[in-house]
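K.L.:
Following this message is one structure expressed as structure tokens.
Numbering (the working numbering), first residue to last: 393 to 575.
What follows is the structure in structure tokens.
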């Protein structure tokens, strides 16, 4: 069964606050939290990945980053499987390693590639295969998708800074200004 992004309704606010359930990079006490709804096959998300790496390096402990899955299977047929593989990596304690690997190797997201990536980042590949076969993390991915829809997300990447939707350009200068304003 596939799930497309559908028509999103929203208020410009993040509908589901950041909790312990989320994958958070940085301190939960950071004065600024960026939440991204992204898709690993999305080229714009791939470019945003590099901007975010620079921002997190520049702002250090002042910024925390949360990634939530928003697989756009309407345009990226492997997106849901890739998101499930990421969650399977999280189940093995390697979320951020796999996150980075996927974005740094966006052109390699076939099932065989996912298994190879899993080995490179130190995952139990057989466990990953079983998790993908059994759709172990499907509900987790769909929950992210639903919170995105409830927040008005209809495309990727979509960012929220301290709970407010960020609709500016996804470049270092624009996002730096948005973070400085939030600080």
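Glycine included, every Cβ here is placed at the ideal spot set by N, Cα and C.
With the cut-off set at 7 Å, would you say residue 462 and residue 431 are in Cβ contact?
P.N.:
Position 70 of the chain shown, counted from the start, is the residue given in the question as residue 462. Position 39 of the chain shown, counted from the start, is the residue given in the question as residue 431. Yes; because the gap between Cβ atoms is below 7 Å, this pair is in contact.
K.L.:
Considering only residues of the same chain and omitting the five flanking positions on each side of residue 414, which have a CB-CB separation below 6 Å?
P.N.:
Locating residue 414 in the chain shown gives position 22, counting from the first residue. Within the same chain, residue 414 has close Cβ partners 458.
K.L.:
Please list, in chain order, all residues of the same chain as residue 353 whose beta carbon is under 6 Å from its beta carbon, the five residues on each side excluded.
P.N.:
The structure shown does not extend to residue 353, since the chain is modelled only from 393 through 575, so no value can be given for it.
K.L.:
Taking 7 Å as the limit between beta carbons, can you name the residues of its chain near residue 484, skipping five residues before and five after?
P.N.:
Counted from its first residue, the chain shown places residue 484 at position 92. 515, 516, 519, listed in sequence order.
K.L.:
Can the beta-carbon of residue 424 be found less than 7 Å from the beta-carbon of residue 454?
P.N.:
On the chain shown, residue 424 is found 32 positions in, with the first residue counted as 1. On the chain shown, residue 454 is found 62 positions in, with the first residue counted as 1. Cβ atoms of residue 424 and residue 454: closer than 7 Å.
K.L.:
Is the beta carbon of residue 456 closer than 7 Å to that of residue 408?
P.N.:
On the chain shown, position 16 is the one that residue 408 refers to. On the chain shown, position 64 is the one that residue 456 refers to. No, these two residues do not count as a Cβ contact at 7 Å.
K.L.:
For residue 440, which residues in the same chain have their Cβ closer than 6 Å to its Cβ, ignoring the five residues on either side in sequence?
P.N.:
The residue given as residue 440 occupies position 48 in the chain shown. Around residue 440: 549, 562.
K.L.:
Would DSSP call residue 512 helix, strand or coil?
P.N.:
As a working note, residue 512 is residue 120 in the chain shown. Correct three-state label for residue 512: helix.
K.L.:
Helix, strand or coil: how does DSSP classify residue 401 here?
P.N.:
Looking up residue 401 in the chain shown gives position 9. Low local confidence applies: a pLDDT of 44 at residue 401 is under 50, so the model's placement there is unreliable, and no value is given.
K.L.:
If the criterion is Cβ atoms closer than 7 Å, does the pair residue 496 and residue 529 meet it?
P.N.:
By one-based count along the chain shown, residue 496 stands at place 104. By one-based count along the chain shown, residue 529 stands at place 137. No.
K.L.:
When you compare only the Cα positions, how much space is there between residue 542 and residue 471?
P.N.:
In the chain shown, counting from the first residue as 1, residue 542 sits at position 150. In the chain shown, counting from the first residue as 1, residue 471 sits at position 79. Computed Cα separation, rounded: 20 Å.
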